[in-house]
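*Asks:* Sending over a structure as structure tokens; questions will come in a sec.
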Amino acid sequence: MALAVDENPPELFLGEQEPAECTPDKAVDPRIFGTSPWAVACTSYQKEKTVARWMQERGIYYFLPLRRSQTPSSADKPTYLTVFPGIVFFQAHVLPPSPSYVTTPTETEGEVKSHRHVFRILKTGAQSRFKRDLAFLVSENRDNRTLSPEDALPDTPVRVITGSLRGYEGYIQEVRNASKTRLFVVLGVLQRYVSVEIDTDRLVKIAN
Numbered sequence: 000m001a002l003a004v005d006e007n008p009p010e011l012f013l014g015e016q017e018p019a020e021c022t023p024d025k026a027v028d029p030r031i032f033g034t035s036p037w038a039v040a041c042t043s044y045q046k047e048k049t050v051a052r053w054m055q056e057r058g059i060y061y062f063l064p065l066r067r068s069q070t071p072s073s074a075d076k077p078t079y080l081t082v083f084p085g086i087v088f089f090q091a092h093v094l095p096p097s098p099s100y101v102t103t104p105t106e107t108e109g110e111v112k113s114h115r116h117v118f119r120i121l122k123t124g125a126q127s128r129f130k131r132d133l134a135f136l137v138s139e140n141r142d143n144r145t146l147s148p149e150d151a152l153p154d155t156p157v158r159v160i161t162g163s164l165r166g167y168e169g170y171i172q173e174v175r176n177a178s179k180t181r182l183f184v185v186l187g188v189l190q191r192y193v194s195v196e197i198d199t200d201r202l203v204k205i206a207n
């Protein structure tokens, strides 16, 4: 049965393992992606969640970056959309990659390729760089994805994730409307504090 659009599998499934904190400026923690190779499953349109749930049921570790939908219909029941349409990252093998990894399909790749909504498997021999990129995506998604309207409260510390102010941190100064889709945030820019109006889907909540 196909997964409903508003159902959301975990963005990062590592079985019984506890995902460790990982930032892009540090070495990739083996508890995140291990020493085994990871690959990309290219899926049919809007079937990423279906494939991810299928992988979870079979114990195949996967990573599906998600972002919160900002449509009015998702206010009561949050819905998360895929960051990269048509892509699910997955663990291609349980052992470290061999010299023939790039040219030889693994058993897991064959299983994933057999899914009716997967039409291509992409793999790379540059696993260190690939996992660093995945670790960066994990660190970005770990910031509670995007700020939910109900969490948009005065004095909440936040970081801007899109636009010209991306990377700047500050705190919510004031909420001007009941829907909380736009609010005023105080940011430290060039050693000065400025107040800007910004949407919640451009912010993530951070630790104090």
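According to numbering that gives the first Met the number 0, the sequence shown is numbered sequentially starting from 0. Just so you know, even glycine gets a beta-carbon here, dropped at the ideal spot from N, CA and C.
#1: Taking DSSP's pairing of strands, which residues face TRP37 in a bridge?
#2: Leaving out the 5 sequence neighbours to the left and right, which residues in its chain are closer than 8 Å to GLN126 when beta-carbon positions are compared?
#3: If we count Cβ pairs, one from each stretch, closer than 8 Å, do we get three or more for the region 43–60 versus the region 114–123?
#4: Quick one: is TYR44 buried, meaning 16 or more other Cβ sit within 10 Å of its Cβ, or exposed?
#5: Could you pull out every unbroken alpha helix (DSSP H) segment of at least 4 residues lying fully inside the region 107–188, listed in chain order?
#6: Can you tell me whether GLY14 is helix, strand or coil according to DSSP?
#7: Here's a check: name, in chain order, each residue in its chain whose Cβ is nearer than 8 Å to the Cβ of PRO23, leaving out the five neighbours to either side.
#8: What residue from GLY33, TYR79, LEU63 and ASP154 has the CA that sits closest to THR42's CA?
#9: One question on the structure: do GLY124 and VAL157 come within less than 8 Å of each other, judged by their Cβ atoms?
#10: Beta carbon of PHE183, beta carbon of GLU168: below 8 Å?
#11: Assign LEU152 to one of two classes, buried (16 or more other C-beta atoms within 10 Å of its C-beta) or exposed (fewer than that).
#12: Which residue comes first and which comes last in the alpha helix (DSSP H) that contains LEU50?
#13: What are the boundary residues of the beta strand (DSSP E) that includes ARG67?
#14: Quick one: give me the first and last residue of the beta strand (DSSP E) that VAL101 is part of.
#15: On the DSSP bridge assignment, give the partners of TYR79 in chain order.
#16: CB-CB under 7 Å to GLY162, same chain, minus the five flanking residues each way: which ones, in chain order?
#17: When the Cα of LYS204 is compared with those of ILE197, TYR170 and PHE83, which residue comes out closest?
*Replies:* Quick look at the numbers:
#1: By DSSP's assignment, TRP37 forms a beta bridge with GLN90.
#2: The residues are PRO36, TRP37 and PRO96.
#3: Judged by Cβ distances under 8 Å, the region 43–60 makes contact with the region 114–123, as three or more pairs qualify.
#4: Counting Cβ neighbours within 10 Å, TYR44 comes out exposed, since fewer than 16 surround it.
#5: Here the runs fully enclosed are 126–140.
#6: Coil.
#7: Because the pLDDT of PRO23 is 46, which lies under 50, any placement of that residue in the model is unreliable, and the number read from its coordinates should be weighed accordingly. Around PRO23: ARG131, ALA134, PHE135 and SER138.
#8: Minimum Cα distance to THR42 is reached at LEU63.
#9: Not a contact, by the Cβ cut-off of 8 Å.
#10: Cβ distance not < 8 Å, so PHE183 and GLU168 don't count as in contact.
#11: In summary, LEU152 is exposed, with fewer than 16 beta-carbon neighbours lying within 10 Å of its beta-carbon over all protein chains present.
#12: Sequence check: residue 50 is Val here, not Leu. Where VAL50 is concerned, the enclosing alpha helix (DSSP H) stretches over 47–56.
#13: Its beta strand (DSSP E) spans residues 65–67.
#14: Boundaries cannot be given for VAL101, as no beta strand (DSSP E) includes it and DSSP labels it neither H nor E.
#15: TYR79 is bridged to ARG67.
#16: Taken in chain order, the residues that qualify are ARG201.
#17: Among ILE197, TYR170 and PHE83, the Cα nearest to that of LYS204 is on TYR170.
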